[in-house]
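Asks: Mind having a look at this structure? Questions to follow.
2 protein chains.
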Amino acid sequence: MESAVERAMDVFWSRGYHATALPDLLRATKLSRGSLYAAFGDKHSLFLLALDRYIAIALTRMDIELDPRREPIDGLRAYLAGYVDRNSGANGRRGCLLVATAMELAGRDAEIDRRIGSFFKAMEARVAGALSRAEAAGKLADGVEPSSAARILVCFVEGLRVVGKTAPTRIISQATVDAFLDRFIG
Amino acid sequence: MESAVERAMDVFWSRGYHATALPDLLRATKLSRGSLYAAFGDKHSLFLLALDRYIAIALTRMDIELDPRREPIDGLRAYLAGYVDRNSGANGRRGCLLVATAMELAGRDAEIDRRIGSFFKAMEARVAGALSRAEAAGKLADGVEPSSAARILVCFVEGLRVVGKTAPTRIISQATVDAFLDRFIG
DNA sequence: GAAATTAAAGACCATTCGGTCTATATATCG
DNA sequence: CGATATATAGACCGAATGGTCTTTAATTTC
Chain A
734 MESAVERAMD VFWSRGYHAT ALPDLLRATK LSRGSLYAAF GDKHSLFLLA LDRYIAIALT
794 RMDIELDPRR EPIDGLRAYL AGYVDRNSGA NGRRGCLLVA TAMELAGRDA EIDRRIGSFF
854 KAMEARVAGA LSRAEAAGKL ADGVEPSSAA RILVCFVEGL RVVGKTAPTR IISQATVDAF
914 LDRFIG
Chain B
734 MESAVERAMD VFWSRGYHAT ALPDLLRATK LSRGSLYAAF GDKHSLFLLA LDRYIAIALT
794 RMDIELDPRR EPIDGLRAYL AGYVDRNSGA NGRRGCLLVA TAMELAGRDA EIDRRIGSFF
854 KAMEARVAGA LSRAEAAGKL ADGVEPSSAA RILVCFVEGL RVVGKTAPTR IISQATVDAF
914 LDRFIG
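Sequence lines, in order, name chains A and B.
Residue numbering for the first sequence is 734 to 919, as defined by our numbering.
Residue numbering for the second sequence is 734 to 919, as defined by our numbering.
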């Protein structure tokens, strides 16, 4: 059973924070106004819970894809393949709740800032870990330094999400990701 | 003299479309309600004009930075240096109107879709041109193909804008951009 | 200087916003 | 069963939304 927070997350994800009205949330959660406010306080608190859920899902997925017991290059490939998937067709057009929230609310809401900032740090750390292991195994191209390459990769995938909003073409995303990886693995 | 459209652009840029209320626009443009509606029709039309202005400014800047008469690598460095600048401190926290609009409105507004899509195409074409000239001059790293590298670069800089919303650190942006370029130029 | 045009100020409109509250129905449980 | 807790539907609230319209002031043009 999908939780009310997850259903709310879906709505915020599709429409953004400001464009999501209470009736949208009521419809999606199948809760009455009273119940929703009793359970979550207000729209902003519910949004924070939805964002936390989104982040938890993303980090869990990364922990699987970039598991240290796995071949690091395979992990990175799987990780990027996930982005290609989420960037194609309807998924791509829907975009990414984190990127949308960063652009819509960051800088004006301290709670949001903390969450977005720490997510990107966590993401970068996981990628840097995988790249370090790849380097130790001699799989990285000459001159690639794991920590700066991780920053580049994070920017690259988040940028993919932006461009994918209007051009969610799987074949191009795939080719772009492949070409990107070619520059970093030897 | 700054135009009313540019002043409106500033507001939309700082707050986003939905979070910008009419009084914000009146204050910024110093127009009365009646005059604003007489001149621009409605909020949405004004937003489109503001977005067009933003795009025109961005493309003009790119045309200067990536001018074919210039050394292509220098041009690309200047182009990326501009991103470092716009990504640092208050500029970074303010973000990019195009990225914010892509995330907030693309997929739900055909006029917006067209503009965002064609902007990214135009941007990619200019970068691809500069990379082709660099390749012809033998300045690109082995195995770098201009058109796919251009797609990667566009994603990278747009991703920079996203991450820069919560971590607008000049030194890191600069280092990341430098490391990025190192992978592509020989 | 008078007439005509333009713009400003802000009252006004219906609608919608996020949020509260009450009354009714539905379970739960002894 | 009856009593109690829980969730529902939806009326209701003040404030704010985008947008219109009228009245007044300023400017232009003859």
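Each residue gets a CB set at the ideal place from its N, CA and C atoms; glycine is no exception.
These numbers were taken from a predicted model, which means no experiment stands behind them.
1. Would you call the stretch 873-888 of chain A and the stretch 884-896 of chain B in contact, with 3 or more CB pairs under 8 Å?
2. Given that residue 890 of chain B touches chain A, what residues does it touch there, using C-beta distances under 9 Å?
3. Do the stretch 794-809 of chain A and the stretch 760-780 of chain A touch if we need at least three Cβ pairs shorter than 8 Å?
4. Does chain B have any CB closer than 9 Å to the CB of residue 898 of chain A?
5. Are residue 866 of chain B and residue 805 of chain B close, meaning C-beta to C-beta below 9 Å?
6. Tell whether a beta-carbon distance below 9 Å holds between residue 761 of chain B and residue 743 of chain B.
7. List, in chain order, every chain B residue whose beta-carbon is nearer than 9 Å to that of residue 751 of chain A.
8. Any C-beta of chain A sitting closer than 9 Å to the C-beta of residue 862 of chain B?
9. Going by DSSP, what residue range makes up the alpha helix (DSSP H) through residue 825 of chain A?
10. What residues from the stretch 836-858 of chain B come within 7 Å of chain A, judged by C-beta to C-beta, listed N to C?
11. With the cut-off set at 9 Å, would you say residue 751 of chain B and residue 752 of chain A are in Cβ contact?
12. With a threshold of 9 Å between beta-carbons, can residue 865 of chain B be considered close to chain A, or not?
13. Decide if residue 835 of chain A is buried, meaning its Cβ has at least 16 other Cβ atoms within 10 Å, or exposed.
14. Run through the DSSP bridge pairs and tell me what residue 918 of chain B is partnered with.
15. Is it the case that the Cβ atoms of residue 877 of chain B and residue 919 of chain B are separated by a distance below 9 Å?
16. Which two residues bound the contiguous alpha helix (DSSP H) that contains residue 808 of chain B?
17. Hey, quick one: how far does the alpha helix (DSSP H) through residue 892 of chain A stretch, first residue to last?
18. With 9 Å as the threshold, decide whether the Cβ of residue 909 of chain B is near any Cβ in chain A.
19. Find the nearest neighbour of residue 905 of chain B within the set A:824, A:911, A:746 and A:882, judged by alpha-carbon distance.
20. I'd like to know whether the C-beta of residue 818 of chain B is nearer than 9 Å to at least one C-beta of chain A.
21. Do you know offhand how far residue 737 of chain B's Cα is from residue 759 of chain B's?
22. Can you name the start and end residues of the alpha helix (DSSP H) that residue 767 of chain B belongs to?
23. How would you list, in chain order, the residues of chain B whose beta-carbon sits under 8 Å from the beta-carbon of residue 761 of chain A?
24. Looking at residue 770 of chain A and residue 830 of chain A, is the spacing between their C-beta atoms short of 9 Å?
25. If contacts are defined as beta-carbon pairs under 8 Å, then residue 819 of chain B and residue 898 of chain B qualify, I think. What distance do you get, rounded to the angstrom?
26. By the criterion of Cβ-Cβ separation under 8 Å, what are the contact partners of residue 826 of chain A in chain B?
27. I need the boundaries of the alpha helix (DSSP H) containing residue 833 of chain A, first residue and last residue.
Replies: According to the structure shown:
1. yes
2. As a first step, residue 890 of chain B must be located in the second sequence, where it is residue number 157. By Cβ distance, chain A contributes 888 and 892.
3. no
4. Your numbering for residue 898 of chain A matches position 165 in the first sequence. Closer than 9 Å to some Cβ of chain B, the Cβ of residue 898 of chain A qualifies, so yes.
5. To locate residue 866 of chain B, count along the second sequence from 1; it is residue 133. To locate residue 805 of chain B, count along the second sequence from 1; it is residue 72. Contact: yes.
6. Translated into positions along the second sequence, residue 761 of chain B becomes position 28. Translated into positions along the second sequence, residue 743 of chain B becomes position 10. The answer is yes: Cβ separation under 9 Å.
7. Here residue 751 of chain A corresponds to residue number 18 of the first sequence, with the count starting at 1. Those are 749, 750, 751, 752 and 837, listed as they occur along chain B.
8. Residue 862 of chain B sits at position 129 when you count from the first residue of the second sequence. Judged by the 9 Å Cβ criterion, residue 862 of chain B is not in contact with chain A.
9. Reading the first sequence from its first residue, position 92 is the one you call residue 825 of chain A. It spans 822-827 - the alpha helix (DSSP H) in which residue 825 of chain A sits, taken as one unbroken run.
10. 836, 837, 839, 840, 846, 849, 850 and 853
11. Taking the first residue of the second sequence as position 1, residue 751 of chain B is located at position 18. Taking the first residue of the first sequence as position 1, residue 752 of chain A is located at position 19. Cβ atoms of residue 751 of chain B and residue 752 of chain A: closer than 9 Å.
12. Your numbering for residue 865 of chain B matches position 132 in the second sequence. Residue 865 of chain B does not count as touching chain A.
13. Working through the first sequence from its first residue, we reach residue 835 of chain A at position 102. With 16 or more other Cβ atoms within 10 Å, it is buried.
14. To locate residue 918 of chain B, count along the second sequence from 1; it is residue 185. Bridge partners of residue 918 of chain B: B:873.
15. Locating residue 877 of chain B in the second sequence gives position 144, where the first residue counts as 1. Locating residue 919 of chain B in the second sequence gives position 186, where the first residue counts as 1. Their beta carbons are under 9 Å apart, which means residue 877 of chain B touches residue 919 of chain B by this criterion.
16. Indexing the second sequence from 1 puts residue 808 of chain B at position 75. Where residue 808 of chain B is concerned, the enclosing alpha helix (DSSP H) stretches over 805-819.
17. Within the first sequence, numbered from 1, the residue matching residue 892 of chain A stands at position 159. That run of the alpha helix (DSSP H) goes 879-896.
18. Numbered from its first residue, the second sequence carries residue 909 of chain B at position 176. Yes, its Cβ sits closer than 9 Å to a Cβ of chain A.
19. Residue mapping note: residue 905 of chain B aligns to position 172 of the second sequence, counting from 1. Closest by alpha carbon: A:882.
20. Here residue 818 of chain B is taken as the residue at index 85 of the second sequence, counted from 1. Taking Cβ atoms only, chain A never reaches closer than 9 Å to residue 818 of chain B, which makes this a no.
21. The count along the second sequence starts at 1 and reaches residue 737 of chain B at position 4. The count along the second sequence starts at 1 and reaches residue 759 of chain B at position 26. Each residue's Cα considered, the two are about 10 Å apart.
22. Position 34 of the second sequence, counting from 1, holds the residue named residue 767 of chain B. Taken as a continuous stretch (DSSP letters only), the alpha helix (DSSP H) holding residue 767 of chain B covers 766-773.
23. The residue you call residue 761 of chain A lines up with position 28 of the first sequence. Ordered by position in chain B, no residue passes the 8 Å Cβ test against residue 761 of chain A, which lies about 17 Å from the chain.
24. Here the question's residue 830 of chain A lines up with position 97 in the first sequence. Here the question's residue 770 of chain A lines up with position 37 in the first sequence. Against a cut-off of 9 Å, the Cβ pair of residue 770 of chain A and residue 830 of chain A comes out as no contact.
25. Counted from its first residue, the second sequence places residue 819 of chain B at position 86. Counted from its first residue, the second sequence places residue 898 of chain B at position 165. Not confirmed; about 12 Å, so no contact.
26. The count along the first sequence starts at 1 and reaches residue 826 of chain A at position 93. In chain order: 839 and 840.
27. Position 100 of the first sequence, counting from 1, holds the residue named residue 833 of chain A. Segment 830-838, the alpha helix (DSSP H) holding residue 833 of chain A.
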